[in-house]
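Protein chains in written order, with my numbering: chain A, 26 to 195; chain B, 13 to 115. Virtual Cβ for every residue (Gly too), placed ideally from N, Cα, C. Computed from a predicted structure; not experimentally measured. Heads up, the thing below is written out as structure tokens.
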Amino acid sequence: MLGYTITQWLFGILSFLAIMFALMVVFSRNPVNSVLYLVLTFFCIAGHYLVMNAQFLAIVHIVVYAGAIMVLFLFVIMLMNLNQDTEPQKTWVSKIIAGIAGGMMLFVLVGSLKGTEQLNLSSYGASQIGTVKNLGKVLFSDFLFPFEVASILLLAAMVGAIMIGKKEIK
Amino acid sequence: MINGISINYYLLLSAVLFIIGAVGVMARRNSIIIFMCIELMLNAVNLLLVAFSTLHGDASGQVFVFFVMAVAAAEVAVGLAILSMIYRNVKSIDTDLLSNLKN
Chain A
26 MLGYTITQWL
36 FGILSFLAIM
46 FALMVVFSRN
56 PVNSVLYLVL
66 TFFCIAGHYL
76 VMNAQFLAIV
86 HIVVYAGAIM
96 VLFLFVIMLM
106 NLNQDTEPQK
116 TWVSKIIAGI
126 AGGMMLFVLV
136 GSLKGTEQLN
146 LSSYGASQIG
156 TVKNLGKVLF
166 SDFLFPFEVA
176 SILLLAAMVG
186 AIMIGKKEIK
Chain B
13 MINGISINYY
23 LLLSAVLFII
33 GAVGVMARRN
43 SIIIFMCIEL
53 MLNAVNLLLV
63 AFSTLHGDAS
73 GQVFVFFVMA
83 VAAAEVAVGL
93 AILSMIYRNV
103 KSIDTDLLSN
113 LKN
């Protein structure tokens with residue numbers, strides 16, 4: 026259809042939406058709007074994962090990021106009552122310098138891509154490493170120890186967050 | 013090529029998302045927005061990891077993304093707890109007011 030496959034259309038639309046929503050995250054005044062645009066960005070990235078047949082990661086991405094982390098952000102923003110635009114802005118000079126620094130970083134990153142050639146590993150067709158079964162096999166055989174350590178990390182983070190956030194008992 | 017899309021496009025997309033996150037960290041004063049831009053940078057790297065994992069047929073990339081998500085969740089929990097404490101003490105989350113260690 027119009028010289029591009031449906032996958033390429035999907036990639037183009039998802040990329041355009043992801044970049045647009047990411048720009049809205051950075052440039053919107055109201056923090057609540059930023060959070061909502063970030064949720065939309067996460068959905069676009071999950072769409073990218075689905076296009077690459079990384080099914081498990083797409084679902085985990087939505088559940089963990091859009092379902093838990095963004096809800097945490099919203100709680101904190103509502104707690105601090107940041108609904109109105111009460112934040113002072115950085116000076117114009119700071120913003121321009123940030124833009125120039127970002128532009129130079131983009132220039133370097135894109136320039137580093139210039140000399141690369143097309144990788145010829147053609148894995149045409151849906152690869153099967155992203156399914157739950159295959160990913161689970163690799164996770165629980167080769168990466169068992171990091172998996173257990175990650176669970177301890179989550180426990181430590183939970184305890185740490187509660188201890189930091191406690192009100193002092195007078 | 014992944015399903016007809018060259019890997020360079022994924023590299024470019026990930027680079028652009030990373031740069032947008034980096035500019036957000038540099039150009040905003042609100043600590044929560046800075047936090048969200050850090051999450052955006054992490055997501056750009058995740059996307060690139062999954063792309064290369066699909067390209068090479070190696071599942072290690074996707075397992076790495078799994079662990080990056082776990083670490084990001086832990087980091088958000090602790091970071092927001094710290095932000096709440098700061099807000100309780102200073103009554104603001106403006107990063108320009110949090111310069112007690114200067115001088």
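In this model, Val-75(B) and Ala-182(A) are separated by some 21 Å (Cα to Cα). The Cβ atoms of Ala-91(A) and Val-64(A) sit closer than 7 Å to each other. For Tyr-62(A), no Cβ of chain B is located within less than 7 Å of the residue's own Cβ.
Between Val-35(B) and Ile-38(A), the alpha-carbon positions lie close to 23 Å from each other. Sorting Ile-17(B), Tyr-21(B) and Gly-16(B) by C-alpha distance to the C-alpha of Leu-138(A) places Tyr-21(B) at the top.
Beta-bridge analysis with DSSP links Asn-42(B) to Asp-106(B).
With a 10 Å radius around the Cβ and a threshold of 16 neighbouring Cβ atoms, Glu-173(A) comes out exposed. A straight line joining the alpha-carbon of Arg-40(B) with that of Lys-115(A) spans about 7 Å. Nearest to Leu-107(A) by alpha-carbon distance, out of Leu-61(B), Ser-104(B), Ser-18(B) and Asn-55(B), is Ser-104(B). In this structure, the alpha-carbon of Gly-136(A) lies about 26 Å from that of Cys-69(A). DSSP, read as helix, strand or coil, puts Ile-84(A) in helix. Secondary structure at Ile-187(A): helix, using DSSP grouped into helix, strand and coil. Ser-26(B) is not a Cβ neighbour of Leu-52(B), given a cutoff of 7 Å. Minimum Cα-Cα distance from Leu-61(A) among the listed residues Pro-171(A), Ala-186(A), Met-95(A) and Ser-176(A) corresponds to Met-95(A).
Neighbours of Val-102(B) in chain A, taken as residues whose beta carbon is under 7 Å from its own, are absent, since the nearest beta carbon is some 11 Å off.
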